[in-house]
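Asker: Got a structure here, written out as structure tokens. Questions coming.
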Amino acid sequence: MPAGYETFAHKADVGVRGFGASLEEALEGAALALTSVVAEPGRVRQVQSRAVSLEEQDPELLLYSWLSEVVRLMDTERMLFSGFEVHLDGPRLRAELWGEPLDIARHEPVVEVKAATFEELSVSRDAGGTWTAQAVVDV
Amino acid sequence: MDLKSLTKLSDYAWRLEPRGRMQVAAVVYASRALVLDMDDKVAEQLSNVAGLPGIVGAAYAMPDAHWGYGFPIGGVAAFDPAAGGIVSAGGVGFDIACGVRTLVATLSAEEVRGRAVELADALYAVIPAGVGSRGLLKLSVRELDRALSGGAAWAVKEGFGSASDLEYIEEGGRVAGADPEAVSDFAKKRQLEEVGTLGSGNHYLEVQEVVEIFDAKAAEAYGLVPGGAVVSIHCGSRGLGHQIGTDFLTRMVKAAPSHGLSLPDKELACAPAESELGRTYLGAMRAGINCALANRQVLTQLTRDAFQSIFPASRLRLLFDVAHNTCKEESHEVGGRKLKLLVHRKGATRAFPPGHPELPAAYRAVGQPVIIGGSMGTSSYILAGGADSMRLSFGSSCHGAGRSMSRHQASKTWRGLQIIEELRGRGIIVRSASLRGVAEEAPGAYKDSAAVIEASHHAGLATKVARLSPLICIKG
Numbered sequence: 001m002p003a004g005y006e007t008f009a010h011k012a013d014v015g016v017r018g019f020g021a022s023l024e025e026a027l028e029g030a031a032l033a034l035t036s037v038v039a040e041p042g043r044v045r046q047v048q049s050r051a052v053s054l055e056e057q058d059p060e061l062l063l064y065s066w067l068s069e070v071v072r073l074m075d076t077e078r079m080l081f082s083g084f085e086v087h088l089d090g091p092r093l094r095a096e097l098w099g100e101p102l103d104i105a106r107h108e109p110v111v112e113v114k115a116a117t118f119e120e121l122s123v124s125r126d127a128g129g130t131w132t133a134q135a136v137v138d139v
Numbered sequence: 140m141d142l143k144s145l146t147k148l149s150d151y152a153w154r155l156e157p158r159g160r161m162q163v164a165a166v167v168y169a170s171r172a173l174v175l176d177m178d179d180k181v182a183e184q185l186s187n188v189a190g191l192p193g194i195v196g197a198a199y200a201m202p203d204a205h206w207g208y209g210f211p212i213g214g215v216a217a218f219d220p221a222a223g224g225i226v227s228a229g230g231v232g233f234d235i236a237c238g239v240r241t242l243v244a245t246l247s248a249e250e251v252r253g254r255a256v257e258l259a260d261a262l263y264a265v266i267p268a269g270v271g272s273r274g275l276l277k278l279s280v281r282e283l284d285r286a287l288s289g290g291a292a293w294a295v296k297e298g299f300g301s302a303s304d305l306e307y308i309e310e311g312g313r314v315a316g317a318d319p320e321a322v323s324d325f326a327k328k329r330q331l332e333e334v335g336t337l338g339s340g341n342h343y344l345e346v347q348e349v350v351e352i353f354d355a356k357a358a359e360a361y362g363l364v365p366g367g368a369v370v371s372i373h374c375g376s377r378g379l380g381h382q383i384g385t386d387f388l389t390r391m392v393k394a395a396p397s398h399g400l401s402l403p404d405k406e407l408a409c410a411p412a413e414s415e416l417g418r419t420y421l422g423a424m425r426a427g428i429n430c431a432l433a434n435r436q437v438l439t440q441l442t443r444d445a446f447q448s449i450f451p452a453s454r455l456r457l458l459f460d461v462a463h464n465t466c467k468e469e470s471h472e473v474g475g476r477k478l479k480l481l482v483h484r485k486g487a488t489r490a491f492p493p494g495h496p497e498l499p500a501a502y503r504a505v506g507q508p509v510i511i512g513g514s515m516g517t518s519s520y521i522l523a524g525g526a527d528s529m530r531l532s533f534g535s536s537c538h539g540a541g542r543s544m545s546r547h548q549a550s551k552t553w554r555g556l557q558i559i560e561e562l563r564g565r566g567i568i569v570r571s572a573s574l575r576g577v578a579e580e581a582p583g584a585y586k587d588s589a590a591v592i593e594a595s596h597h598a599g600l601a602t603k604v605a606r607l608s609p610l611i612c613i614k615g
């Protein structure tokens with residue numbers, strides 16, 4: 001199964017889900033799904049990068065912290081990101097996020113993401129080897 | 140929710156007896172129809188809350204309760220710190236002290252209608268709304284710390300509004316015990332340019348008409364007259380509150396085993412109130428409440444400025460300011476004993492009864508104004524704290540109707556322009572930066588709040604005073 005992302009419906013909010021052949025790809029997909037909640041990722045040019053590094057033993061906490069960092073950077077840097085390169089080394093995550101400053105006219109952003117949540121938070125690998133990383137985000 | 144699992148206490152109150160890990164019962168205030176409509180998850184989440192250490196009374200669900208994170212939205216629970224009670228970052232949520240304030244204008248709705256387009260444009264020009272909007276203020280960390288300690292009182296000192304506003308905000312516009320030092324640098328960085336911004340999603344500023352009065356005495360005390368114009372502002376603590384929630388949720392989940400807590404759901408993240416982490420969170424969360432109060436106070440002055448640019452003689456008096464996602468230290472009587480409790484209200488409104496000493500003198504005879512925001516295009520309501528609300532629900536009521544349809548489905552069902560046109564046809568002017576945002580917030584995606592209001596009224600949590608209908612909506 002190729003790497004990818006999708007959002008899923010959840011009562012008042014929305015869920016983000018990434019999948020791929022590795023946990024890295026699944027985490028990248030989940031972040032791309034997060035961007036898609038705010039704006040169409042295809043409209044976000046990859047002209048500037050930001051770095052993230054964090055460490056969590058628990059894979060679910062790793063996903064939660066990763067999405068939380070993406071939310072924080074979107075807000076503090078006033079940027080949107082459409083390219084994610086995640087590298088895992090055991091519990092350590094290093095990532096480069098590629099994107100550009102928010103352009104309200106061109107990106108037509110819909111809604112701010114307030115935070116990642118633990119709701120429907122899961123990291124799993126199916127029998128076919130596909131990794132899935134998902135969580136509901138608060139908007 | 141399955142009626143068979145509940146004991147009927149009255150037409151508007153249902154009890155879930157303690158079982159499993161529950162230390163106390165759970166009580167749902169709702170009509171039979173609303174209970175049947177509630178997600179089973181509400182019962183599960185209430186049961187989990189009822190099992191948290193130090194809970195007193197019962198875990199309560201308000202008539203608008205729905206499936207939330209950890210706690211149900213519309214959940215109320217009080218914990219006794221002296222008995223090992225916890226404070227929960229999950230129980231407050233990410234948008235700390237998100238709330239609504241209503242301002243009463245010295246204008247009739249008719250006068251507003253005459254110049255509604257100009258007023259909508261003037262408001263839209265000065266109220267920073269939507270994704271990525273930045274405020275008028277660019278604060279230093281030092282100045283932000285003052286806002287986090289001072290709340291709305293800080294904003295008044297900075298020239299936003301007047302000191303007479305403060306009496307009409309919960310806790311006089313400033314929560315004591317805020318600790319800016321307990322707030323992370325990341326959280327502060329998210330806020331430096333966001334004080335005085337509306338945010339997005341279901342946040343809004345509405346100009347409304349008082350269309351119906353249910354309780355003449357309370358309406359008189361609140362200064363509400365039929366055909367009068369009011370303004371309601373719904374927003375929260377912005378990036379700062381969201382980051383405090385994020386930071387402490389992780390810290391509490393990780394520290395849970397060291398506090399002897401096993402959490403059935405990570406979103407119930409909590410710590411003993413008297414632990415170091417519990418105290419630190421309380422300090423940070425109170426800073427978040429003050430941030431929200433400062434935010435709504437700044438927006439109030441911007442609103443007054445916009446009104447005066449169109450109607451120079453107009454004045455906007457603050458009716459009241461309520462917060463929905465909070466944990467507050469309050470005195471309550473439980474089983475004949477006076478206790479200082481940490482009352483968590485997650486998507487629930489404080490609704491203090493007539494005679495409560497913390498109410499402004501003008502409202503003491505009728506009870507606290509409880510403001511229930513509608514969705515774009517639907518009615519909002521003003522209620523008054525019920526006489527028996529302290530006993531029923533630690534002085535709490537509902538906060539709104541909640542969604543009936545996901546954002547996903549709403550944006551597939553409607554187009555933003557179509558919604559704006561439909562509302563224009565009904566005499567409601569909408570201004571928004573995002574058409575998809577308008578579609579996601581379509582009136583049809585929300586439940587009708589009337590049933591929730593009736594249930595609050597008949598359960599005695601808060602009684603109906605007035606109904607408001609929108610004229611202008613600035614969507615976040």
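Just so you know, the protein sequences line up as chains F and W, in that order. Under this note's numbering, residues 1 to 139 are what the first sequence spells out, in order. Under this note's numbering, residues 140 to 615 are what the second sequence spells out, in order. C-beta: ideal position from N, C-alpha, C; glycine also. Please read these numbers as outputs of a predicted model, since none were measured by experiment.
Applying the criterion that 16 or more other CB atoms from any shown protein chain within 10 Å of the CB defines a buried residue, is Ser518/W buried or exposed?
Answerer: Buried, by the Cβ-count rule.
Asker: Can you pull the chain F neighbours of Ala572/W, defined as C-beta to C-beta under 9 Å?
Answerer: Under the 9 Å cutoff, chain F gives Ile104, Glu108 and Pro109.
Asker: Assuming Gly417/W and Val226/W are in contact, meaning their beta carbons sit under 8 Å apart, how far apart are those beta carbons, in whole angstroms?
Answerer: Confirmed, Cβ separation roughly 5 Å.
Asker: Spell out a yes or no on whether the segment 529 to 539 of chain W and the segment 551 to 568 of chain W are touching, meaning 3 or more CB-CB pairs, one atom from each, closer than 8 Å.
Answerer: The answer is no - the segment 551 to 568 of chain W does not touch the segment 529 to 539 of chain W, with fewer than three Cβ pairs under 8 Å.
Asker: Can you say whether Val47/F is buried or exposed, counting buried as having 16 or more other CB atoms within 10 angstroms of its CB?
Answerer: When all chains shown are included, Val47/F counts as exposed.
Asker: Short of 6 Å in beta carbon distance, which residues of its chain neighbour Ala30/F, apart from the five on each side in sequence? Order them along the chain.
Answerer: If we look at Ala30/F and ignore the five residues flanking it on each side, its Cβ neighbours are Val16, Gly18 and Ala133.
Asker: Say whether chain W places a C-beta atom closer than 7 Å to the C-beta of Ala33/F.
Answerer: Not closer than 7 Å to any Cβ of chain W, the Cβ of Ala33/F fails to qualify, so no.
Asker: Which one of Phe325/W, Val251/W, Cys374/W and Glu497/W has the shortest CA to CA distance from Tyr307/W?
Answerer: Nearest option by C-alpha distance: Glu497/W.
Asker: Cβ closer than 7 Å: which chain F residues qualify as neighbours of Gly338/W?
Answerer: Chain F residues near Gly338/W: Glu112.
Asker: For Gly312/W, I'd like the list of residues in its chain whose CB is within less than 6 Å of its CB, leaving aside the five on either flank, ordered along the chain.
Answerer: If we look at Gly312/W and ignore the five residues flanking it on each side, its Cβ neighbours are Gly290, Ala291, Ala292, Leu305 and Leu432.
Asker: For Gln507/W, which residues does DSSP report across the bridge?
Answerer: According to DSSP, which records beta bridges pairwise, Gln507/W is partnered with nothing at all.
Asker: Name the DSSP beta bridge partners of Trp98/F, please?
Answerer: Paired residues: Ser49/F and Gly83/F.
Asker: For the segment 114 to 130 of chain F, list every residue whose C-beta sits within 9 Å of some C-beta in chain W, in sequence order.
Answerer: Within the segment 114 to 130 of chain F, the residues whose Cβ lies closer than 9 Å to some Cβ of chain W are Lys114, Ala115, Ala116, Thr117, Phe118, Glu119 and Leu121, listed in chain order.
Asker: Glu52/F and Ala95/F: beta carbons closer than 7 Å?
Answerer: Correcting the residue identity first, residue 52/F is Val in this sequence and not Glu. Yes.
Asker: Can you give the beta carbon distance from Tyr361/W to Pro499/W, rounded, assuming they're within the 8 Å contact cut?
Answerer: With a Cβ gap of about 11 Å, Tyr361/W and Pro499/W do not count as contacting.
Asker: What is the residue span of the alpha helix (DSSP H) that Pro59/F lies within?
Answerer: Pro59 to Thr76 is the span of the alpha helix (DSSP H), which, as asked, contains Pro59/F.
Asker: Can you name the residues of chain F whose CB is closer than 8 Å to the CB of Trp553/W?
Answerer: Those within 8 Å of Trp553/W in chain F number zero; the least Cβ separation is about 13 Å.
Asker: Measuring straight from C-alpha to C-alpha, what distance separates Asp203/W and Gly90/F?
Answerer: Their backbone Cα atoms lie some 44 Å apart in a straight line.
Asker: So, are the CB atoms of Pro109/F and Val350/W less than 7 Å apart?
Answerer: No, they are not a contact pair.
Asker: So is Gly580/W buried or exposed if we call it buried at 16+ other beta carbons inside 10 Å?
Answerer: According to the sequence as given, residue 580/W is Glu; it is not Gly. Buried, by the Cβ-count rule.
Asker: Would DSSP call Cys537/W helix, strand or coil?
Answerer: If DSSP states are grouped into helix, strand and coil, Cys537/W belongs with coil.
Asker: Would you list the one or two residues that DSSP bridges to Leu522/W?
Answerer: In DSSP, Leu522/W forms a bridge with Val509/W and Lys603/W.
Asker: Between the C-alpha atoms of His596/W and Lys603/W, what's the straight-line distance to the nearest angstrom?
Answerer: Between His596/W and Lys603/W, the C-alpha separation is close to 6 Å.
Asker: Whole angstroms are fine: how far does the CA of Phe84/F sit from the CA of Thr26/F?
Answerer: Sequence inspection shows Ala at residue 26/F; the Thr mentioned does not correspond to that position. Rounded to whole angstroms, Ala26/F to Phe84/F spans 11 Å at the Cα level.
Asker: Determine which residues of the segment 264 to 276 of chain W have a Cβ less than 9 Å from any Cβ of chain F, and write them out in chain order.
Answerer: Within the segment 264 to 276 of chain W, the qualifying residues are Gly269, Val270, Gly271, Ser272 and Arg273.
Asker: Where DSSP assigns a beta bridge to Cys466/W, which residues make up the other side?
Answerer: Its beta-bridge partners are His483/W.
Asker: Classify Glu156/W: buried if its beta carbon has 16 or more other beta carbons within 10 angstroms, exposed otherwise.
Answerer: So Glu156/W ends up on the exposed side.
Asker: Am I right that Ser36/F and Tyr5/F are in contact with their C-beta atoms under 8 Å? What's the rounded C-beta distance?
Answerer: Right, their Cβ atoms sit about 7 Å apart.
Asker: Report the partner residues of Arg329/W according to the DSSP bridge assignment.
Answerer: None; Arg329/W has no bridge partner.
Asker: Contact check, Asp234/W vs Lys114/F under 8 Å by CB: the rounded distance?
Answerer: 6 Å between Cβ atoms; contact.
Asker: Anything in chain F within Cβ reach of Thr385/W, meaning under 8 Å, just list it in chain order.
Answerer: Those are Ser68, Val71, Arg72, Ala115 and Ala116, listed as they occur along chain F.
Asker: Spell out whether any CB of chain F is found under 7 Å from the CB atom of Arg575/W.
Answerer: Interface residue, yes.
Asker: Do you know whose CA, among Leu522/W, Thr419/W, Val473/W and Ile510/W, lies nearest Ser532/W's CA?
Answerer: Checked all of Leu522/W, Thr419/W, Val473/W and Ile510/W; the closest Cα to Ser532/W is Val473/W.
Asker: Using a Cβ-Cβ distance cut-off of 7 Å, determine whether Ala12/F contacts chain W.
Answerer: By this cut-off, Ala12/F is an interface position.
Asker: Should Ala9/F be flagged as near chain W, meaning a C-beta pair shorter than 7 Å?
Answerer: At least one chain W Cβ lies under 7 Å of Ala9/F.
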